[in-house]
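Colleague:
Here's what the structure looks like:
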């Protein structure tokens, strides 16, 4: 893999360009179900996913256990999303993660298999204290994401990885799906409007 494969730097003023509107997928994360393996403080991973405007709040931190830089974070969404790119703000003094592997739509990734499983995509990261780097996805593979599992196997220096922020750029498909379902309901009779079993089965098949 080429160094920094799939990453680019912002070349504009985020305030002027309203970057926050693009990095909006945190609001579709099922935060209560976010979990991590090998985090030093249980539950601290949930604080990593917040608005773009709050990305520089360094009081929010998730660290791996001391003497072990590996950390796995599992992130479920409340609806399918299309994921375009990822932003990672790590710690200072070499504690920022140096590599990232992601796995989509599976909940069985742990330390027994993360190193060997073929990742949906992986990147070599750079130390980025302000979130100006973004790691582009192979977008055709990230069209219907309901969970993303992130494996950070190492940091730049030392034996403890520290994270302050993870951002996702993309779009949610929830509203589009709702419109499709509503349109189907408009052209099919409701169960109370008919007594035929066939029509009732058609109505249920929407799901």
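In my numbering, the protein residues as written are 114 to 320.
Yeah, the Cβ is synthetic: ideal placement off N, Cα and C, and Gly gets one too.
Every value quoted in this text rests on a predicted model; they were computed, and no experiment measured them.
1) Specify the secondary structure class of residue 183 as computed by DSSP and reduced to three states.
2) State the start and end residues of the unbroken beta strand (DSSP E) segment that holds residue 214.
3) Looking at the structure shown, is residue 140 part of a helix, part of a strand, or coil, going by DSSP?
4) Would you identify the three-state DSSP class for residue 206, choosing helix, strand or coil?
5) Compare the Cα-Cα distances from residue 259 to each of 136, 141 and 135 and report the closest residue.
6) Keeping to the same chain, check which residues put their C-beta closer than 6 Å to that of residue 284; ignore five residues upstream and five downstream.
7) Answer with buried or exposed for residue 208, where buried requires no fewer than 16 other C-beta atoms within 10 angstroms of its C-beta.
8) Quick check on the DSSP output: the beta strand (DSSP E) that includes residue 282 runs from which residue to which?
9) Can you confirm whether the segment 225 to 236 touches the segment 270 to 283 when touching is taken to mean that 3 or more C-beta pairs between the two stretches lie within less than 8 Å?
Modeller: The relevant details are as follows:
1) Looking up residue 183 in the chain shown gives position 70. Residue 183 falls in the coil class under three-state DSSP.
2) Taking the first residue of the chain shown as position 1, residue 214 is located at position 101. Note, residue 214: beta strand (DSSP E), 212 to 217.
3) Your numbering for residue 140 matches position 27 in the chain shown. In the structure shown, residue 140 adopts helical secondary structure according to DSSP, grouped into three states.
4) By one-based count along the chain shown, residue 206 stands at place 93. Assigned with DSSP and collapsed to three states, residue 206 falls in coil, not helix or strand.
5) Position 146 of the chain shown holds residue 259. Checked all of 136, 141 and 135; the closest Cα to residue 259 is 141.
6) Here the question's residue 284 lines up with position 171 in the chain shown. Around residue 284: 195.
7) To locate residue 208, count along the chain shown from 1; it is residue 95. Buried: at least 16 other Cβ atoms inside 10 Å.
8) Within the chain shown, the letter at position 169 stands for residue 282. Here the beta strand (DSSP E) through residue 282 covers 275 to 285.
9) Three or more beta-carbon pairs separated by less than 8 Å are not found between the segment 270 to 283 and the segment 225 to 236, which leaves the two stretches without contact.
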